[in-house]
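Trainee: Below: one structure in C-alpha cells.
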Amino acid sequence: MSTSITADGLKADQPAFLSKERIIAKPGFNRWLVPPAALAIHLCIGMAYGFSVFWLPLSKALGVTAPVACAPDMSFIAQVFSSNCDWPISMLGWIYTLFFIFLGCSAAIWGGWLEHAGPRKAGVVSALCWCGGLLISALGIYTHQIWLMWIGSGVIGGIGLGLGYISPVSTLIKWFPDKRGMATGMAIMGFGGGAMVGAPLATALMSRFASPEGVGVWQSFVAMAAIYFVFMIGGALSYRVPPTGWKPEGWTAPAKKASNAMITNRHVHVNVAWKTPQFRLVWLVLCLNVSAGIGILGMASPLLQEVFGGKLLGVDVPFGQLDAGQLASIAAIAAGFTGLLSLFNIGGRFFWASFSDYLGRKNTYFVFFALGFALYALIPNLGHLGNVALFVAAFCIILSMYGGGFATVPAYLADLFGTQMVGAIHGRLLTAWAAAGVLGPVLVNYLREYQLSIGVERAAAYDITLYILAGLLVLGFLCNLMVRPVADKYFMTDAELAAEQALGHDKGADASTVLEWKAAPGTKPLAIAAWLVVGIPLAWGVWVTLQKTAVLFH
C-alpha cells in the first residue's frame, strides 16, 4: 500500500503545518495550555504601550549627549529624509499613532481571514510583522531615516499588533464557554502588561549597548526582535482549537431565561453583524469608555503634578513656584503614580472580565459608566481639597475599568452574536479603539491648553475636562441601556452555518455531535511549565513597577 505525496512534501491527507485543521485538539488536551500561548503573544505586542521609553534616546541619536538640532528653515519633508540632524519627539510620536491606526484597520480587514485560517497562522504572521517591523526600524535608526521607523514599526508592526491582538479571542471563547470573560481577560491582560515587561527590558538593553558613539537603540531593537520572535512563535505554535461541538466535561449550557436573555447559542456572520443596531451600540460603548480612560492615561503624570504641586512634598506651594529640586521630586512621585495606574489597568482586565461571568456583560458596563461618572465628577473636588490618597484611589479604579472595558467586550460580542465569528466581529469593533485614541487625548490636551490660555490656574485646568469626560460616560450608559438581544433575522441558518464552518475548516466532529472531556492527568506539568514561561516575565515586570510606585507612598 502506497501513500501519495504532494509537491510540498506532505502526505495527501495531511493538513499543512500552519492550517487550522492541523491544530484541532485531541481528547485529553488541557485547555489551560491555550491562555499561556495567547499571553506569550500579547506580552510581546503589548510593548507598543511602552515605546515612549525610546523617545528621549532617539531624540539625540546623532548627538548622543544632546540633540543635533535641524536648521530652523528645514521643512518637515526634509527632516523626514535628513540624516544630519536629530528627530524631535513630536516626529517620533507618529509611530505610536500609527500603531493603533493600523491595529484597528488590520483587525477589521483581516479578522474574517483569521477565523478561516486559524490562530496558528495568524500568530505566525503577527510575529513576522511585529518582529520584522522592529528589524526595519533598527535599520531606520542605523541609517537615521525616520520614515523606515514609521513603515517598520508603525505600519508593518501595527498590522502585527492587530492580528496578534485578535488571534486568540475566538479560540479562547470556544475553549472556555463556561468562563468567557475570564478567558479573554487573561489574554488581554497580557497586552496591558507588555509595556511593564518590555519597557524595563528595553532600558536595560539600551544601557548595555550604549557607548560614547551611540545611544544603543538600534541594537536594542534587534535584540528585542529576536526575543519577541521566540516567544511569539512559541505561542502561535502552541495554539489548539477545540473540535466542533466540544464542551468541558460535565458542563451544560444554561437554559434560556430572563436573567441570561442576552446570551445566544446561535451565530451571526461578520458581514451581517456590523449592520445590526447592537454592533453600533457596543461600538459606541467601547469608544466612549476608552475615550474617557485613554485621555487621562496619557496625561496622568502632569495632571497629578499640576493639581497638587508642592502638596505632594508636604509644602503648600503651587506647581509654578516650585524650584528645580522640588520639580524633580514630584516628577518621581508622578512616575510612581503612572506605574500604579498601569498595575490597575492590567489587574482590571482580569478582574472585571472574570466578574462579568457572574454579573453579566451588560451589567458590568453599567458599573463602568455609573461608577466612572461618579468618580470623574468627584475628582475635581478631591483635588481642591488636597486629598491625594482619595484622588489617587479614584484614578486607580477608573483605570481598572478602562482595562476592564477592553477585556470584557469580546465576551459581550460572543453573548450577542455567537462564537462562530466573534474574532472577526471583535476585529471590526476595534475601530472604536482607533477613534477613541484620537478623541480622548485630543479632548484632554486641547481643553487643558485652552483653560491655561484664558488664565485658569494649573490646579483647576482639568476640572472642565473631567466633567466633560463624565458626560461621555453618561452617553455610554445610555448606549449600553439600549442594547437588546439580536433579532432572529440576523442569525445564520443551519445551511449558512454549515457553509461557514466548512470555510473555517471546523472539522473533527459533526456539527451536531457534542464532545466533552477533561484534561489528561499527564498534561498538568506541561500546563504549569507553560504558565511559568509567561508568568515569570510578567511577575518581573510587576516587581519593577512596584519598586517605582513605592516612591508615591514615601
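Number 570 marks the last residue of the sequence shown (the numbering used here); no jumps.
Note that the Cβ used here is the ideal one computed from N, Cα and C, for glycine as well.
Per DSSP, what are the beta-bridge partners of P264 in this structure?
Mentor: On the sequence shown, position 248 is the one that residue 264 refers to. According to DSSP, P264 bridges with W533.
Trainee: Considering only residues of the same chain and omitting the five flanking positions on each side of F33, which have a CB-CB separation below 7 Å?
Mentor: Counted from its first residue, the sequence shown places residue 33 at position 17. Correct list: empty, nothing qualifies.
Trainee: CB-CB under 6 Å to V530, same chain, minus the five flanking residues each way: which ones, in chain order?
Mentor: What you label residue 530 is simply residue 514 of the sequence shown in a count that begins at 1. Residue confidence is low: V530 scores 48 on pLDDT, short of 50, so the model does not pin down where it sits. Its coordinate-derived value is still stated next. So the qualifying residues of the chain are G261.
Trainee: Step through the CB atoms of chain D and report whether any lies within less than 9 Å of the CB of W267.
Mentor: The structure shown contains no chain D, having only a single protein chain.
Trainee: State buried or exposed for S223, treating a residue as buried only when at least 16 other CB atoms are found within 10 Å of its CB.
Mentor: In the sequence shown, residue 223 corresponds to position 207, counting from 1. So S223 counts as exposed.
Trainee: Ignore the nearest five residues each way along the sequence and tell me which others in F247's own chain have a CB closer than 6 Å to its CB.
Mentor: By 1-based counting over the sequence shown, the position of residue 247 is 231. These residues qualify, in order along the chain: A56, C60.
Trainee: Roughly how many whole angstroms lie between the Cα atoms of F192 and D102?
Mentor: Along the sequence shown, read from residue 1 onward, the residue named residue 192 stands at position 176. Along the sequence shown, read from residue 1 onward, the residue named residue 102 stands at position 86. Each residue's Cα considered, the two are about 50 Å apart.
Trainee: My assumption, with CB atoms under 8 Å, is that G174 sits in contact with L130. Please give the rounded CB distance.
Mentor: For the purposes of this step, residue 174 is identified with residue 158 of the sequence shown, where counting begins at 1. For the purposes of this step, residue 130 is identified with residue 114 of the sequence shown, where counting begins at 1. With 8 Å as the limit, G174 and L130 do not qualify as a contact, their Cβ atoms being about 16 Å apart.
Trainee: Sorted by chain position, which residues of the same chain lie with C-beta nearer than 7 Å to T219's C-beta, five sequence neighbours on each side aside?
Mentor: Taking the first residue of the sequence shown as position 1, residue 219 is located at position 203. Counting only Cβ-Cβ distances below 7 Å, and skipping sequence neighbours, we find V69.
Trainee: Who are the near neighbours of I310 in its chain, counting only those whose CB is closer than 8 Å to its CB and skipping five residues on each side?
Mentor: Taking the first residue of the sequence shown as position 1, residue 310 is located at position 294. Only Y418, A452, G453, G456, P457 meet the Cβ criterion.
Trainee: Tell me, which residues are paired with I484 by DSSP?
Mentor: Residue numbering aside, residue 484 sits at position 468 when the sequence shown is read from its first letter. Per DSSP, none; premise fails for I484.
Trainee: Measure the alpha-carbon distance for A427 versus P501 and round it to whole angstroms.
Mentor: Here residue 427 is taken as the residue at index 411 of the sequence shown, counted from 1. Here residue 501 is taken as the residue at index 485 of the sequence shown, counted from 1. Cα to Cα, the separation comes out at about 14 Å.
Trainee: Following the continuous alpha helix (DSSP H) through H400, name the residue where it begins and the one where it ends.
Mentor: In the sequence shown, residue 400 corresponds to position 384, counting from 1. 377-401 is the span of the alpha helix (DSSP H), which, as asked, contains H400.
Trainee: In terms of residue numbering, what span does the alpha helix (DSSP H) encompassing A440 cover?
Mentor: Walking along the sequence shown from the start, residue 440 turns up at place 424. Start and end: 438-445.
Trainee: State the beta-bridge partners of S317 as determined by DSSP.
Mentor: Reading the sequence shown from its first residue, position 301 is the one you call residue 317. For S317, which the question treats as bridged, DSSP gives no partner whatsoever.
Trainee: Along the alpha helix (DSSP H) that carries V238, what are the first and last residues, could you check?
Mentor: One-based indexing of the sequence shown puts residue 238 at position 222. Its alpha helix (DSSP H) spans residues 233-254.
Trainee: Per DSSP, S183 forms a beta bridge with which residues?
Mentor: Translated into positions along the sequence shown, residue 183 becomes position 167. Per DSSP, none; premise fails for S183.
Trainee: When the Cα of I243 is compared with those of L394, P258, L217, which residue comes out closest?
Mentor: One-based indexing of the sequence shown puts residue 243 at position 227. That would be L217, whose Cα lies nearest to the Cα of I243.
Trainee: Helix, strand or coil: how does DSSP classify I175 here?
Mentor: Residue 175 sits at position 159 when you count from the first residue of the sequence shown. Helix.
Trainee: Look at L119 and L188 and say whether their C-beta atoms are less than 9 Å apart.
Mentor: One-based indexing of the sequence shown puts residue 119 at position 103. One-based indexing of the sequence shown puts residue 188 at position 172. Their beta carbons are not under 9 Å apart, which means L119 does not touch L188 by this criterion.
Trainee: Determine, using beta carbons only, whether G230 and V80 come nearer to each other than 9 Å.
Mentor: For the purposes of this step, residue 230 is taken as the residue at position 214 of the sequence shown. For the purposes of this step, residue 80 is taken as the residue at position 64 of the sequence shown. Result yes, Cβ atoms of G230 and V80 sit closer than 9 Å.
Trainee: Considering K540, what are the terminal residues of the alpha helix (DSSP H) in which it resides?
Mentor: In the sequence shown, residue 540 corresponds to position 524, counting from 1. Taken as a continuous stretch (DSSP letters only), the alpha helix (DSSP H) holding K540 covers 540-565.
Trainee: In whole angstroms, give me the CA-to-CA distance for F507 and F433.
Mentor: Residue numbering aside, residue 507 sits at position 491 when the sequence shown is read from its first letter. Residue numbering aside, residue 433 sits at position 417 when the sequence shown is read from its first letter. Spanning the two alpha carbons is a distance of roughly 8 Å.
Trainee: If you drop the 5 nearest sequence neighbours on each side, which residues of the same chain put their C-beta closer than 6 Å to that of K534?
Mentor: Position 518 of the sequence shown, counting from 1, holds the residue named residue 534. Cβ within range, chain order: E265.
Trainee: Nearest to S183 by CA position, among S122, G208, L155, A154, is which residue?
Mentor: Walking along the sequence shown from the start, residue 183 turns up at place 167. It is S122 whose Cα lies nearest to the Cα of S183.
Trainee: DSSP three-state label for V284, please.
Mentor: As a working mapping, residue 284 is identified with position 268 in the sequence shown. Of the three classes helix, strand and coil, the one that applies to V284 here is strand, per DSSP.
Trainee: DSSP beta-bridge partners for F225?
Mentor: Reading the sequence shown from its first residue, position 209 is the one you call residue 225. F225 pairs with nothing; no bridge assigned.
Trainee: Quick check on the DSSP output: the alpha helix (DSSP H) that includes E516 runs from which residue to which?
Mentor: Taking the first residue of the sequence shown as position 1, residue 516 is located at position 500. 510-519 is the span of the alpha helix (DSSP H), which, as asked, contains E516.
Trainee: Just how far apart, CA to CA, sit W234 and G156?
Mentor: Within the sequence shown, the letter at position 218 stands for residue 234. Within the sequence shown, the letter at position 140 stands for residue 156. Their backbone Cα atoms lie some 8 Å apart in a straight line.
Trainee: So, is I322 buried or exposed, given that buried needs 16 or more other C-beta atoms within 10 angstroms?
Mentor: On the sequence shown, position 306 is the one that residue 322 refers to. In the sequence as presented, Ile is not what sits at residue 322; that position holds Glu. E322 is buried by the Cβ-count criterion.
Trainee: Could you give the first and the last residue of the continuous alpha helix (DSSP H) run that contains T159?
Mentor: As a position in the sequence shown, residue 159 is number 143, starting the count at 1. That run of the alpha helix (DSSP H) goes 135-159.
Trainee: Excluding sequence positions up to five away, which residues of its chain have a Cβ less than 6 Å from the Cβ of L429?
Mentor: Sequence index remark: in the sequence shown, residue 429 carries index 413 (1-based). Contacts found: V438, I441, H442.
Trainee: Apart from the five residues just before and just after H160, which ones in its own chain have a Cβ nearer than 6 Å to its Cβ?
Mentor: By one-based count along the sequence shown, residue 160 stands at place 144. So the list reads S99, once near-sequence residues are dropped.
Trainee: Can the beta-carbon of I572 be found closer than 9 Å to that of A369?
Mentor: There is simply no residue 572 to check, as the chain begins at 17 and stops at 570 in what is shown.
Trainee: For the region 376-388 against the region 298-308, are there 3 or more C-beta pairs whose distance is under 8 Å?
Mentor: Segments in contact, yes.
Trainee: Quick check on DSSP: helix, strand or coil for V257?
Mentor: One-based indexing of the sequence shown puts residue 257 at position 241. DSSP places V257 in strand when its eight states are reduced to three.
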